[in-house]
Every structure is written in structure tokens, then in C-alpha cells.
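Chemist:
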């Protein structure tokens, strides 16, 4: 049984608490949304990610107050190359939402959300370490898993699986 | 020599403080955690965990494997709860595929997951107590853990790296006598928990070392990304098994232990009570185990029975195709989270429609929990750092991946 096709029409999805809240705040920050396999994805404008996170965290109706995860997907050689993926959880409502920001391949950078959740610290360092995406405003942006003097970013698609030998 | 000088250098902030490296080879850091401490006498001024000593690039390796070949890799992430990781991964792939899993397979998964939770908590309890100085508990815990490992060996042929779950079901029917053995274990295990509690819960030395130590508030725990008993010990009532059920957990009745104090003792109590609740779930799983197949009816994904392969051409063809070229998974992405013994274990899998995952990301519970360590320890005594590390139950394999 193949899964149902994803819904990408913003009109149909605007009843979701997170989508409604963001459209209400600034419709220009929402680049699109997708509902696929019971999971909600919102594409957010690159410049407003920190404000979006702070807004969703403090939303009185459905506070997405817990940051589960930050990671990245590399779509090399397509552009925009990187997708930064944020998984938020509402402990009160038991809801999840996924935020996505698309970044270009040339010197990718995005604002850090450590001021919203201090726990974003390690996750952003991991993305910086393995993908080479810079987080502006991060308090301690250094490699976390690889050695400090490692060259390259191993999880990029143009980095060979067996490494450089 | 380059890599030696390139580790983070921390300069003491004041004249009277000094930098102390705890780990990476220190018995109470549970593996290869390095904690950089700035201390003023016995007091911790600043604490910084340094991780990555066990990084093996599993996420990168996954991208080069077929979907079914990733299952053994997931065992190696968290070597104390391999079946939880197996479950989380196969659930994510099944969600991508849109597969329906037969009830018996789901219940068996629940049963084995709770055994895994007990196994993991026993190792935690033994080592945590040993860190603080109660050596005897370790021997008691490993006695029962041995029985669980033997049960794992019975079903999967492996004591630790079980790789027992498959996309679409379970590898094999459990052997004869397995359920009796589990029932036997579930019968006597609560008494054993009483034994551990007799040694610790009322013990004045244990209480002095744990009560009021390494406190963290609910707000801080949430902001720093803590999950599982670390979060529930601070009074946040969330358990993914109950709140966002997966693999038919909605059919089980169990309590979620929550403590309000947020100290080492609170986290200890949460986990000890979880041991008892897990036994309850195992009992319910044994009593209500449905009959039926253990694999989904999806010949292009699930390997056929060996017997069928000898008589049916289609089975042989499917077997050959799955082994040699894997199975294609429809394009899309899922985030599947399960409640591992340490908290929220999540797999984020992106598929591009081929037989190999485009991206596998593991959200490990300890990675979030470890960030609370600085908050817990700063301003406290050096000896409390050991208690705090034990109380968040870290597994470095999961953190470094």
C-alpha cells in the first residue's frame, strides 16, 4: 500500500496550529508547507528562523517548547544545496512540527537558535562540524565530533564514504 | 602530533582556579567522555564536556548501505539498548514504506523493548552505584542482566548486538521455551528490585551522596534538550510510549514515574520505578500475546521463509532481488522517535526513492542530556560531578555515533 501523496497546498494546511500562528505573524516568512505521512513540515525563510522558533516556543495555544533535534540534509549538486531541519515538540499538546530552511552551497550560514533554546548548542555544533554550515551568534562554534584539525565536512555528499586516502 | 594540540584549550578564568581534565580514560565517565573542569579548590567553577572520541561516522556509513543492511549498524550506536535502536529504525522505514505490521510482531517488539530497558537500567544502576561507592549493587545487577542477555541469545543468537528486528517484522519466531523463561524472569524480578532498593534507597550514605545533588529545574531541563528520566526527574510528565504511542504501546497500561526534586536521587527513583513498570508491561505482553504471523505481507520487502524458497520460484526470485539490490523506498522523509531507556531516541530518515537511504540522522537522547551536565555541576563539589554523570546515564556510543 503506497503512502498517500503529500499535501503541499498552504490553504489546506492553515488550520495546523504552527502554520496558523506563523501566517498570522508574518506570511512572508512561510515559504511553504508539506503534510506527509502524518508529519508537518514548514519551510521557513532563512532570515527569520530565530524569530519563528521564539514565536512557536511561546505560542500560548500550542507551545512548541522543546527542541528535539537540529540536523541538515545535503542535496548536492542541486541548489539550494543545504536544508537545515529543526524538529520541535510540544510537551503540552504532544504535537511535532518540522521546520526547514534552505541554504545555498556557497558559504552557508544561518542565525543560531541558541538564544531561544540553549540546548541547540551541541546540535548546531554537530551540523557545523559535519556539514560546514555556520551558525551566526553561536557562543562556541567549534568542531564537536571530529578532531579540531580535521579537513572537510564528512557528511557532505561530495565527501567520499571511505574518506580521502 | 597535530591532533594532540588541537583539542580545546581552556584557560583558567581567575588566578586561584586550575584546569582539571577528567577523562577520556576515567572509570566513572562511562566510556570515553572527557570533562574539562575549572576548579577552585574542590569547587567546580566551569564544566565543559568534550566528546567525539568514539565517533565512527555511522550516519555516513548508512548512506552507503541498503535499508536492511543498516539494522546491524543501529545496534552499535547504543550498546546497552540495541533493540530500542533496531525498533526505532525499522519503525521509521516502515513509516516511509507505509507497511502494516502484524500484531504479534508489534507485541513481541514491545516485550523485547521492555527487557532491553531493564537490561540498560541494570547496567546504569550497577555502574552508577559503583561510581558513588556502593560496590555490591553492581554484582546484584549483573546477575539479573546475565539472565536477560541469555534470553536475547535465545531469540537472536547474540547476547548484545541482537539485530533481531527487520523492516516488516521480526527475523525469526522466538524459540520454544522463550516465553516461559521470560515469564519466570518477570515473576522473580520485582523481588530483585526490592533487593537493590534495600541496598540503596534507605541507605543514609546513598541519600547523602544523591539527595539535593546536581539539581536541575524543569525549565532548564527543557531548554537544554533533556529527555527521558533526566527530564521526568525534574517533574516534566512526558513519556513517548504513553503520549505518542508506537508499536501498539497504546494497548498497555503502565504508570510513568515522575519525581519533582530534579536531583540525582529523583532520577534514581524514576529509573528504579521504571524497572517495576517494565515488568508490568512484560507481564501484559505475555498474557495478551496475539497469534498470527510475525512478518508483514510484503514480499518485495520481507525476506521469504527458507522453506518456501526451496519449493516456490517467486520466493526465490524475491529473495535474490532483496539481497542483491535491496528494496526501493518511496521518496519522502520521516522522523520517528521512541522512548529509549535514556530518553527520546529519534531517527530522521530521508529517502530519494532508491534502495539506499539518502540521509539517516540519529537524534540520541544522551546528546541532549549531556548538555545539562554543566548546569548541574557548576558551583558544586568535584565529587558530585561523578554522581551527576552517572545520574544522566550516558552512553558514549550514542553520543558520538
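Protein chains in written order, with the numbering used here: chain A, 1 to 165; chain B, 1001 to 1401.
Note that the Cβ used here is the ideal one computed from N, Cα and C, for glycine as well.
State the Cα-Cα distance for the pair residue 1117 (chain B) and residue 1165 (chain B), rounded to the nearest angstrom.
Modeler: Counted from its first residue, the second chain places residue 1117 (chain B) at position 117. Counted from its first residue, the second chain places residue 1165 (chain B) at position 165. In a straight line, the C-alpha of residue 1117 (chain B) is about 16 Å away from that of residue 1165 (chain B).
Chemist: Among B:1101, B:1149, B:1025 and B:1105, which one has its Cα closest to the Cα of residue 1122 (chain B)?
Modeler: Position 122 of the second chain, counted from the start, is the residue given in the question as residue 1122 (chain B). Residue 1122 (chain B) has its Cα closest to that of B:1149, out of B:1101, B:1149, B:1025 and B:1105.
Chemist: What separation, rounded to the nearest whole angstrom, lies between the Cα atoms of residue 1045 (chain B) and residue 1257 (chain B)?
Modeler: Position 45 of the second chain, counting from 1, holds the residue named residue 1045 (chain B). Position 257 of the second chain, counting from 1, holds the residue named residue 1257 (chain B). Near 33 Å, if we compare the C-alpha coordinates of residue 1257 (chain B) and residue 1045 (chain B).
Chemist: Beta-carbon separation of residue 133 (chain A) and residue 72 (chain A) under 9 Å?
Modeler: Against the first chain, residue 133 (chain A) aligns to sequence position 133. Against the first chain, residue 72 (chain A) aligns to sequence position 72. Yes; because the gap between Cβ atoms is below 9 Å, this pair is in contact.
Chemist: For residue 1088 (chain B), which residues of its own chain have a beta-carbon under 8 Å away from its beta-carbon, when the five flanking residues on both sides are left out?
Modeler: Within the second chain, the letter at position 88 stands for residue 1088 (chain B). So the qualifying residues of the chain are 1074, 1336, 1337, 1338, 1340, 1345, 1346 and 1347.
Chemist: Compare the Cα-Cα distances from residue 1020 (chain B) to each of B:1382, B:1262 and B:1389 and report the closest residue.
Modeler: For the purposes of this step, residue 1020 (chain B) is identified with residue 20 of the second chain, where counting begins at 1. It is B:1382 whose Cα lies nearest to the Cα of residue 1020 (chain B).
Chemist: May I ask which residues mark the beginning and end of the alpha helix (DSSP H) holding residue 1052 (chain B)?
Modeler: As a working note, residue 1052 (chain B) is residue 52 in the second chain. Neither: residue 1052 (chain B) is in no alpha helix (DSSP H) and is coded neither H nor E.
Chemist: On a Cα-Cα basis, can you pick out the residue from B:1136, B:1082 and B:1110 that is closest to residue 1287 (chain B)?
Modeler: As a working note, residue 1287 (chain B) is residue 287 in the second chain. Nearest C-alpha to residue 1287 (chain B): B:1110.
Chemist: Against chain A, does residue 1370 (chain B) count as a neighbour if the rule is that its beta carbon must be under 9 Å from one of theirs?
Modeler: For the purposes of this step, residue 1370 (chain B) is identified with residue 370 of the second chain, where counting begins at 1. Interface residue, yes.
Chemist: Give the C-beta separation of residue 70 (chain A) and residue 120 (chain A) to the nearest angstrom, bearing in mind that I take them to be a contact with Cβ-Cβ under 8 Å.
Modeler: Within the first chain, numbered from 1, the residue matching residue 70 (chain A) stands at position 70. Within the first chain, numbered from 1, the residue matching residue 120 (chain A) stands at position 120. At roughly 6 Å, the Cβ-Cβ gap stays under 8 Å, so residue 70 (chain A) and residue 120 (chain A) are in contact.
Chemist: Determine whether the Cβ of residue 18 (chain A) lies closer than 9 Å to any Cβ atom of chain B.
Modeler: On the first chain, position 18 is the one that residue 18 (chain A) refers to. It does not; no Cβ of chain B falls within 9 Å.
Chemist: Can you tell me which of the three DSSP states residue 62 (chain A) falls into?
Modeler: Residue numbering aside, residue 62 (chain A) sits at position 62 when the first chain is read from its first letter. Three-state result, residue 62 (chain A): coil.
Chemist: Mind checking if residue 1061 (chain B) is an interface residue toward chain A, Cβ cutoff 9 Å exclusive?
Modeler: Locating residue 1061 (chain B) in the second chain gives position 61, where the first residue counts as 1. Chain A, which has a Cβ nearer than 9 Å to the Cβ of residue 1061 (chain B), makes this yes.
Chemist: Rounded to whole angstroms, what's the CA-CA distance from residue 1385 (chain B) to residue 98 (chain A)? Just pull it up for me.
Modeler: Along the second chain, read from residue 1 onward, the residue named residue 1385 (chain B) stands at position 385. Along the first chain, read from residue 1 onward, the residue named residue 98 (chain A) stands at position 98. Roughly 35 Å separates the two Cα atoms.
Chemist: Assign residue 1030 (chain B) to one of three DSSP states: helix, strand, or coil.
Modeler: Position 30 of the second chain, counting from 1, holds the residue named residue 1030 (chain B). The answer is coil: DSSP assigns residue 1030 (chain B) none of H, G, I, E or B.
Chemist: Report yes if the CB atom of residue 1388 (chain B) is closer than 9 Å to the CB atom of residue 1376 (chain B), and no otherwise.
Modeler: For the purposes of this step, residue 1388 (chain B) is taken as the residue at position 388 of the second chain. For the purposes of this step, residue 1376 (chain B) is taken as the residue at position 376 of the second chain. For residue 1388 (chain B) and residue 1376 (chain B), yes; Cβs fall inside 9 Å.
Chemist: Taking the C-alpha atoms as reference points, what is the distance between residue 1144 (chain B) and residue 1189 (chain B)?
Modeler: Here residue 1144 (chain B) refers to the residue found at position 144 of the second chain. Here residue 1189 (chain B) refers to the residue found at position 189 of the second chain. So the two alpha carbons sit approximately 8 Å from each other.
Chemist: Would you say residue 1367 (chain B) lies against chain A (beta-carbon separation less than 9 Å)?
Modeler: For the purposes of this step, residue 1367 (chain B) is taken as residue 367 along the second chain, with counting starting at 1. With 9 Å as the cut-off, residue 1367 (chain B) counts as an interface residue toward chain A.
Chemist: Which residues mark the beginning and the end of the alpha helix (DSSP H) in which residue 52 (chain A) is found?
Modeler: For the purposes of this step, residue 52 (chain A) is identified with residue 52 of the first chain, where counting begins at 1. Its alpha helix (DSSP H) spans residues 49–57.
Chemist: State the start and end residues of the unbroken beta strand (DSSP E) segment that holds residue 1066 (chain B).
Modeler: Within the second chain, numbered from 1, the residue matching residue 1066 (chain B) stands at position 66. Residue 1066 (chain B) -> no beta strand (DSSP E), and no H or E assigned at all.
Chemist: So, helix, strand or coil for residue 1016 (chain B), using DSSP?
Modeler: In the second chain, counting from the first residue as 1, residue 1016 (chain B) sits at position 16. Of the three classes helix, strand and coil, the one that applies to residue 1016 (chain B) here is coil, per DSSP.
Chemist: Determine the direct distance from the alpha carbon of residue 1332 (chain B) to that of residue 1311 (chain B), and round the result to whole angstroms.
Modeler: Reading the second chain from its first residue, position 311 is the one you call residue 1311 (chain B). Reading the second chain from its first residue, position 332 is the one you call residue 1332 (chain B). So the two alpha carbons sit approximately 37 Å from each other.
Chemist: Quick one: using the 10 Å Cβ neighbour count with 16 as the cut-off for buried, is residue 190 (chain A) buried or exposed?
Modeler: Any answer about residue 190 (chain A) is impossible in this case: the structure gives chain A only from 1 up to 165.
Chemist: For the beta strand (DSSP E) containing residue 1135 (chain B), list its first residue and its last residue.
Modeler: Position 135 of the second chain, counting from 1, holds the residue named residue 1135 (chain B). Note, residue 1135 (chain B): premise wrong, no beta strand (DSSP E); not H, not E.
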